[in-house]
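> Mapped onto the working numbering, the consecutive letters of the sequence shown carry residue numbers 168 to 523.
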Amino acid sequence: MKITGKEYKTIWFKNNVVKIIDQTKLPHQFIIKDLKTVKDAINAIKKMEVRGAPLIGATAAYGIVLSIIEKNDQTFLHKSARDLIDTRPTAINLKWAVDRMIKKLTGVNSNKILEMAINEAKEICEEDIKFCESIGLNGLKIIEEIYNKKKDTVNILTHCNAGWLATINWGTATSPIYHAHKKGIPVHVWADETRPRNQGANLTSYELNEEGVKNTIIADNTGGILMQRGQVDMCIVGTDRTLSNGDVCNKVGTYLKALAAKDNNVPFYVALPSSTIDWKIKNSKDIPIEERNSDELSKIEGVDEDGKLIKVQIYPNKSKAMNLAFDVTPAKYITGLITEKGICEASEKGLKNLFK
Ligand code: MRU
C-alpha cells in the first residue's frame with residue numbers, strides 16, 4: 168500500500184539485509200531500518216518497531232534467515248528459533264512462522280540451507296499477502312450488502328491496527344475496507360485510538376489517510392455511544408490468536424467493543440489469516456496474555472512545537488499502573504470470522520468447515 172504516493176511493503180529482504188519500516192516513529196517520522204543479525208530481529212519485535220501478528224511472524228522468519236547468515240550451524244539455528252519465539256507471547260503467528268522455518272530447515276545440508284531459508288521466508292510473506300487480499304474480497308461482500316441497503320456511507324469501527332502495517336500488505340481488518348474504497352463504495356472508519364500505544368491513531372488512521380480513506384480517531388471509550396446513536400454499521404477487528412472454538416484474542420479493549428456491539432445489534436466481525444488459528448489451546452484462559460511495561464501507560468510520546476519527538480510523563484509519579492496488552496472476546500459475541508477461505512461462524516464447526 169502507499170505512503171506519500173509510493174508503494175511499500177512492511178518488510179523486504181535485499182543484499183542479505185532485512186528492511187523494515189520503524190513503526191515506533193510513525194506517524195511523525197518515516198524511517199526504514201536495517202536488520203542485519205538475529206538479535207536485530209529480536210529487538211525489532213520486542214521494541215515493537217514491527218508489530219501486528221502476521222508481521223511479527225514474517226520478521227521472525229527473516230530472523231531465522233539472519234541467524235543462518237551470521238552462523239550456519241544447527242545449534243545456533245535452534246537457539247535463535249527459541250529466542251525469537253520468546254519475544255512476544257500472545258500472537259500465535261510468531262511460533263507458527265518459526266516452527267514452519269525450522270521444519271523446513273532441520274537437517275538440511277549447510278550449503279543449501281540459506282537459499283532454502285530465504286525462499287521460505289519470502290513464501291511466508293507472499294502467502295500472507297495473498298491471504299489478506301482474499302480476506303478483503305470476502306469481507307467486501309458484507310460492506311457491499313450494507314451499502315446496498317443503506318445507500319449511504321458505511322461506517323466501520325476498528326480497534327488497534329490490523330491494517331497493512333500489521334501484515335505485509337492489505338491488512339486483515341482493513342483489507343475489506345480498502346477493497347470497498349477501491350470499488351467506489353463510500354466508507355468511513357472510526358479508528359479507536361487504542362491506548363496505551365495508540366496503534367489506532369498512529370498507525371490505522373495514518374495508513375487510511377495515505378490511501379485516501381475517510382476516517383476519524385475516537386477515544387477508546389467512544390465506540391459505545393456511537394453504536395447507541397446508530398453511527399456504526401459494523402465493526403471489523405483483527406486477531407492475534409483465534410481458538411478453534413471461535414474465541415478471539417486481540418488488542419485489549421476489543422472485548423468491550425464486542426459487548427457494546429452485541430447490545431446495539433451492530434455486526435461484529437473478526438478478520439484473520441489461517442496463520443492466527445491456534446488448533447491446540449482449547450480454553451481461552453490458557454492463552455498467554457502479554458503484560459507490558461507500565462511506562463507505556465504513564466509516559467506518552469509525540470512531537471513538540473518544533474517537530475521534535477519527545478516523551479512526557481502523564482501519571483502521578485507515585486501511582487502504580489498495569490498494562491495488559493490483549494483480551495479475549497468469546498465467540499458468542501462475534502458475528503462471523505472473515506478468512507482467506509471465506510466467512511464462517513465463530514465456532515469449531517464454522518472453522519473446521521473452512522479448514523478441514
Ligand atoms: O501489540 P500489537 O500492536 O502487535 O497488536 C496488534 C493487534 O492486536 C492486531 O489487531 C492483531 O495483531 C491483528 S494484525 C492483522
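Glycine included, every Cβ here is placed at the ideal spot set by N, Cα and C.
Beta carbon of N376, beta carbon of H355: below 8 Å?
One-based indexing of the sequence shown puts residue 376 at position 209. One-based indexing of the sequence shown puts residue 355 at position 188. Cβ atoms of N376 and H355: not closer than 8 Å.
> Can the beta-carbon of N412 be found closer than 8 Å to that of V404?
Within the sequence shown, residue 412 is the residue found at index 245, counting from 1. Within the sequence shown, residue 404 is the residue found at index 237, counting from 1. No, Cβ-Cβ distance for N412 and V404 is not below 8 Å.
> Do the region 303 to 314 and the region 337 to 345 make contact, defined as three or more Cβ pairs closer than 8 Å?
Flag = yes, the region 303 to 314 and the region 337 to 345 touch.
> Just tell me which of R364, I313, K485 has its CA closest to the CA of C402.
Along the sequence shown, one-based indexing puts residue 402 at 235. With distances taken between Cα atoms, C402 lies closest to I313.
> Work out the CA separation of V479 and I470 for me, nearest whole Å.
For the purposes of this step, residue 470 is taken as residue 303 along the sequence shown, with counting starting at 1. For the purposes of this step, residue 479 is taken as residue 312 along the sequence shown, with counting starting at 1. Checking the sequence shown, residue 470 turns out to be Val, not Ile. Cα-Cα distance, rounded: 10 Å.
> Measuring alpha carbon to alpha carbon, tell me which residue in L423, R255, Y175 is nearest A143.
Past the edges of the chain, shown from 168 to 523, lies residue 143, and the structure says nothing about it.
> If you drop the 5 nearest sequence neighbours on each side, which residues of the same chain put their C-beta closer than 7 Å to that of I296?
Along the sequence shown, one-based indexing puts residue 296 at 129. So the list reads I335, N336, W337, once near-sequence residues are dropped.
> In three-state terms, what does DSSP make of I467?
Residue mapping note: residue 467 aligns to position 300 of the sequence shown, counting from 1. DSSP places I467 in strand when its eight states are reduced to three.
> Report yes or no: do the region 432 to 439 and the region 357 to 375 share at least 3 C-beta pairs separated by less than 8 Å?
No, the region 432 to 439 is not in contact with the region 357 to 375.
> With a Cβ-Cβ cutoff of 8 Å, do I323 and D400 count as a contact?
Numbered from 1 along the sequence shown, position 156 holds the residue referred to as residue 323. Numbered from 1 along the sequence shown, position 233 holds the residue referred to as residue 400. Cβ distance < 8 Å, so I323 and D400 count as in contact.
> Helix or strand or just coil, what does DSSP make of W337?
Counting from one through the sequence shown, the residue named residue 337 turns up at place 170. W337 falls in the coil class under three-state DSSP.
> Does the separation of the CB atoms of I505 and A438 fall below 8 Å?
For this step, residue 505 is matched to residue 338 along the sequence shown. For this step, residue 438 is matched to residue 271 along the sequence shown. Yes; because the gap between Cβ atoms is below 8 Å, this pair is in contact.
> So T421 is in the beta strand (DSSP E); what residue range does that whole segment cover?
Position 254 of the sequence shown holds residue 421. No beta strand (DSSP E) holds T421; the alpha helix (DSSP H) holding it covers 421 to 430.
> Rounded to a whole number of angstroms, what is the C-alpha to C-alpha distance between C327 and D359?
By one-based count along the sequence shown, residue 327 stands at place 160. By one-based count along the sequence shown, residue 359 stands at place 192. About 6 Å.
> If you reduce the DSSP assignment to three classes, tell me which class W263 lands in.
Translated into the one-based positions of the sequence shown, residue 263 becomes position 96. Here W263 sits in helix by DSSP.
> So, with DSSP's three-state summary, where would you put H245?
Within the sequence shown, the letter at position 78 stands for residue 245. The answer is helix: DSSP assigns H245 an H, G or I state.
> Going along the chain, which residues of its own chain have a beta-carbon closer than 6 Å to the beta-carbon of K523, five neighbours each way excluded?
In the sequence shown, the residue the question calls residue 523 occupies position 356. Hits under 6 Å: none found.
> On a Cα-Cα basis, can you pick out the residue from A227, T226, P440, K176 that is closest to E507?
Translated into positions along the sequence shown, residue 507 becomes position 340. Residue P440 is the option with its Cα nearest to E507.
> Which first and last residues belong to the beta strand (DSSP E) in which Q480 is found?
As a working mapping, residue 480 is identified with position 313 in the sequence shown. Looking at the DSSP string, the run of the beta strand (DSSP E) that includes Q480 is 476 to 480.
> In chain order, which beta strand (DSSP E) runs of at least 3 residues are fully inside the region 185 to 249?
For the region 185 to 249, whole beta strand (DSSP E) runs of length 3 or above, ordered along the chain, are 199 to 202.
> Any chance the region 216 to 225 sits against the region 493 to 501, with 3 or more Cβ pairs inside 8 Å?
Because the criterion of three Cβ pairs below 8 Å is not met, the region 216 to 225 and the region 493 to 501 do not touch.
> On the DSSP bridge list, what partners appear for A386?
Working through the sequence shown from its first residue, we reach residue 386 at position 219. Per DSSP, none; premise fails for A386.
> Bridge partners for L324 per DSSP, in chain order?
Within the sequence shown, residue 324 is the residue found at index 157, counting from 1. Answer by DSSP bridge pairing, in chain order: W357, C402.
> Does the region 237 to 254 come within contact of the region 443 to 451, defined as at least 3 CB pairs closer than 8 Å?
No, the region 237 to 254 is not in contact with the region 443 to 451.
> Going by the CB atoms, is the gap between A211 and R408 shorter than 8 Å?
Counting from one through the sequence shown, the residue named residue 408 turns up at place 241. Counting from one through the sequence shown, the residue named residue 211 turns up at place 44. Against a cut-off of 8 Å, the Cβ pair of A211 and R408 comes out as no contact.
> Could you tell me whether any non-hydrogen atom of ligand 1 is closer than 7 Å to the CB of K214?
The residue labelled residue 214 in the question sits at position 47 within the sequence shown. No, Cβ of K214 sits at least 7 Å from all heavy atoms of ligand 1.
> How about L281 and I252: are their beta carbons less than 8 Å apart?
Translated into the one-based positions of the sequence shown, residue 281 becomes position 114. Translated into the one-based positions of the sequence shown, residue 252 becomes position 85. It is not a contact, given that the beta carbons lie outside the stated cut-off.
> Can you find a heavy atom of ligand 1 that lies under 7 Å from the Cβ of N328?
Stepping through the sequence shown from its first residue, residue 328 is reached at position 161. Because some heavy atom of ligand 1 lies under 7 Å away, the Cβ of N328 counts as near it: yes.
> Here's the rule: buried if 16 or more other CB atoms are within 10 angstroms of the residue's CB, otherwise exposed. What is K424?
Residue 424 sits at position 257 when you count from the first residue of the sequence shown. Label assigned to K424: buried.
> Give a yes or no on whether the C-beta atoms belonging to C292 and A225 are separated by under 8 Å.
For the purposes of this step, residue 292 is taken as residue 125 along the sequence shown, with counting starting at 1. For the purposes of this step, residue 225 is taken as residue 58 along the sequence shown, with counting starting at 1. Cβ atoms of C292 and A225: closer than 8 Å.
> Look up N417 in the DSSP assignment and give the residues it is bridged to.
The count along the sequence shown starts at 1 and reaches residue 417 at position 250. Answer is D494, bridged to N417.
> What does DSSP give as the partner residue(s) for G379 in the beta ladder?
Residue mapping note: residue 379 aligns to position 212 of the sequence shown, counting from 1. In DSSP, G379 forms no bridge with anything.
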